[in-house]
């Protein structure tokens with residue numbers, strides 16, 4: 018499901034890029050429009066998207082805007098995984114794929130297991146991604162199993 022959500026958000030990037038190619042928007046306008054639209058998108062009420070570039074720079078993080086414009090090549094989880102470098106490695110090797118890591122839930126400091134799907138957007142050198150917390154999936158599975 019997270020892959021499908023990212024593919025839907027990727028469609029916004031495609032749309033914005035087409036507006037640029039058609040001369041309706043400048044590159045900057047198209048990119049800003051895509052960032053605003055994707056930044057406002059949610060699924061399952063709270064899940065969100067981010068966009069980084071292939072040089073580990075955060076373009077847009079929907080719930081942590083303090084990361085926007087920051088170089089994240091040294092950001093690692095408590096297990097030592099360099100998150101954004103790993104996202105970019107997957108995109109460069111495969112175009113898209115899943116990455117597991119630890120990330121704090123909103124409002125928390127401690128990282129918990131999360132899996133994200135990332136997808137490269139070649140025209141702008143961007144990576145769009147979203148993820149789900151494994152404990153949420155486990156809780157939903159247990160709840161459904163009990164029913």
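Numbering (my numbering), first residue to last: 18 to 164.
Virtual Cβ for every residue (Gly too), placed ideally from N, Cα, C.
Secondary-structure assignment with DSSP links residue 130 through a beta bridge to 119. Cβ-Cβ separation between residue 102 and residue 136: approximately 17 Å, too far for a contact (criterion under 8 Å). Listed in chain order, the beta strand (DSSP E) elements of length 3 or more contained wholly in the stretch 46 to 109 are 67 to 70, 75 to 78. Linking residue 130 to residue 37 through their CA atoms gives a straight-line distance of about 38 Å. Shortest Cα-Cα distance from residue 94 to any of 105, 76, 106, 118 involves 118. Secondary structure at residue 28: helix, using DSSP grouped into helix, strand and coil. Membership of residue 143 in the beta strand (DSSP E) is indicated by the continuous run 143 to 150.
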